[in-house]
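Asker: Sharing a structure below in structure tokens format, with a few things to ask.
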Amino acid sequence: MKGLIAYSSLTGNTAKLADRLAAGLADLGDWTLADIKKGADASGYDCILAGGWIDRAWPDKAAKAWIEDLPADLPLGIFVTMGALPESPHGDRVKENLASLLASHGTALGMAVLPGVVEAKLLDRVRQMPAHLLGENGESIKQQMVEAGEQSRMPTEEEYQAGVQVFREAIQGWLDQKGDLQ
Numbered sequence: 001m002k003g004l005i006a007y008s009s010l011t012g013n014t015a016k017l018a019d020r021l022a023a024g025l026a027d028l029g030d031w032t033l034a035d036i037k038k039g040a041d042a043s044g045y046d047c048i049l050a051g052g053w054i055d056r057a058w059p060d061k062a063a064k065a066w067i068e069d070l071p072a073d074l075p076l077g078i079f080v081t082m083g084a085l086p087e088s089p090h091g092d093r094v095k096e097n098l099a100s101l102l103a104s105h106g107t108a109l110g111m112a113v114l115p116g117v118v119e120a121k122l123l124d125r126v127r128q129m130p131a132h133l134l135g136e137n138g139e140s141i142k143q144q145m146v147e148a149g150e151q152s153r154m155p156t157e158e159e160y161q162a163g164v165q166v167f168r169e170a171i172q173g174w175l176d177q178k179g180d181l182q
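Residues in the sequence shown are numbered from 1 upward in steps of one, following the UniProt record's numbering.
Structure, rendered in structure tokens:
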């Protein structure tokens, strides 16, 4: 099985997760790592794991556009890192959005949503942002964004392993089913 792990990374959080997925899934196939921003090509692969960092509850612009351009019949899994905790209300919105991206693919290989550290420069920009730009509840939203950024952290070893396991089980099930169909 030939798989592609394509990712977009701003601060290195998502790139590190991509590396961990490649190492953790090495026994299931031949994996290629590719940076979406440097021109990842999905042709010739049996399945894709695509990742990015979260911006406004969606994968970043480059990752989202790349995912949306994938052929619908190509098995797809999505992994992301985000400054807020995955178990937060923001994390729930992210998971809903990822599910909608996966729904357009015949074979969805699941999703892994892991925490990531918010870049200090970005957090400073949020602190300086005029609250009215964030809408009606701008001050509250800004405060939530700052708090999430201050609490951001790298994934634990257990979280990395759980991400690998999500895709391991899905890919193994897909390979088993594919074998039954041949």
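Beta carbons are placed, not taken as given, at the ideal position from N, Cα and C, and that holds for glycine.
Can the beta-carbon of G83 be found less than 9 Å from the beta-carbon of M111?
Answerer: The sequence position of residue 83 within the sequence shown is 83, counting from 1. The sequence position of residue 111 within the sequence shown is 111, counting from 1. Cβ distance not < 9 Å, so G83 and M111 don't count as in contact.
Asker: Quick check for students: name the residue ranges of the alpha helix (DSSP H) that lie wholly in the region 66 to 113, counting only runs of 4 or more.
Answerer: For the region 66 to 113, whole alpha helix (DSSP H) runs of length 4 or above, ordered along the chain, are 89 to 102.
Asker: Can you check whether the C-beta of G163 is within less than 9 Å of a C-beta belonging to chain B?
Answerer: Absent from the structure: chain B. Only one protein chain is present.
Asker: Measuring alpha carbon to alpha carbon, tell me which of A22, W53, E119 ends up nearest residue 183.
Answerer: Here the chain covers residues 1 to 182 and nothing more, so residue 183 does not appear.
Asker: Express the C-alpha separation of S140 and R127 in angstroms, rounding to a whole number.
Answerer: As a working mapping, residue 127 is identified with position 127 in the sequence shown. As a working mapping, residue 140 is identified with position 140 in the sequence shown. Looking at the two C-alpha atoms, the distance is approximately 12 Å.
Asker: Taking 6 Å as the limit between beta carbons, can you name the residues of its chain near R20, skipping five residues before and five after?
Answerer: Translated into the one-based positions of the sequence shown, residue 20 becomes position 20. Only Y160 meet the Cβ criterion.
Asker: Does the region 137 to 156 come close enough to the region 169 to 177 to have 3 or more Cβ pairs within less than 8 Å?
Answerer: No, the region 137 to 156 does not touch the region 169 to 177.
Asker: Compare the beta carbon distance of F79 and A18 with 9 Å and say whether it is the shorter of the two.
Answerer: Start at 1 with the first residue of the sequence shown, and residue 79 comes out as number 79. Start at 1 with the first residue of the sequence shown, and residue 18 comes out as number 18. Yes, Cβ-Cβ distance for F79 and A18 is below 9 Å.
Asker: At the level of alpha carbons, what is the spacing between E119 and A162?
Answerer: Your numbering for residue 119 matches position 119 in the sequence shown. Your numbering for residue 162 matches position 162 in the sequence shown. Approximately 24 Å between the Cα atoms of the pair.
Asker: Using three-state DSSP, classify A34 as helix, strand or coil.
Answerer: The residue given as residue 34 occupies position 34 in the sequence shown. Three-state DSSP puts A34 in a strand.
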